[in-house]
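**Student:**
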Amino acid sequence: MPITKLLPMVLLSICSRSSVIQKCTPMMVVIVEFELRAGAESKFETMLKHMQQRVKQYDGYLGEAPCCSIENEKIFVTLFYWCDRKSLKAWREDPEHVEVQRLGREEIFAWYRIRVCELEREYGRGFSE
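Structure (structure tokens):
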């Protein structure tokens, strides 16, 4: 199955509710950009499926929004939403996650960039609470 089929462009509705942001102060957004090494697709798909299930077990995990770059279909971007710094720190230090990060650096990603952001405010039009 192509990677693009595994990464639906869907954002969990919980992340678009103002009430969630009010309860999650400061809400954290992690932006992960990467490109896969040639031939690493299968290993990545296996790792991705497993870690998507594991992260859902963590308190404070609100969801993710995976997508592909418009400019380069080989570049993937995923936004991860966390209720607070403490929740994000617990995930970052999870032993299995640490091992997957090592594998990613050494075997899966041609390159990657991670940005950790604090959501200051949210506003918009036409979405329901």
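The sequence shown: position 68 = 96 (our numbering), numbered continuously. Virtual Cβ for every residue (Gly too), placed ideally from N, Cα, C. Since the structure is predicted, the reported quantities are computational estimates derived from the model, not experimental observations.
#1: Using the Cα positions of residue 88 and residue 126, report the straight-line distance between them to the nearest angstrom.
#2: Expressed to the nearest angstrom, what Euclidean distance is found between the alpha-carbon atoms of residue 86 and residue 60?
#3: From the DSSP secondary-structure annotation, give me the bridge partner or partners of residue 12.
#4: Which residue comes first and which comes last in the beta strand (DSSP E) that contains residue 90?
#5: Between residue 107 and residue 144, is the Cβ-Cβ spacing less than 9 Å?
**Tutor:** Taking the coordinates as given:
#1: 18 Å
#2: 19 Å
#3: For residue 12 there is no data in the structure shown, the boundaries of the chain being 29 and 157.
#4: 89–96
#5: Contact check for residue 107 against residue 144 fails: the beta carbons are separated by 9 Å or more.
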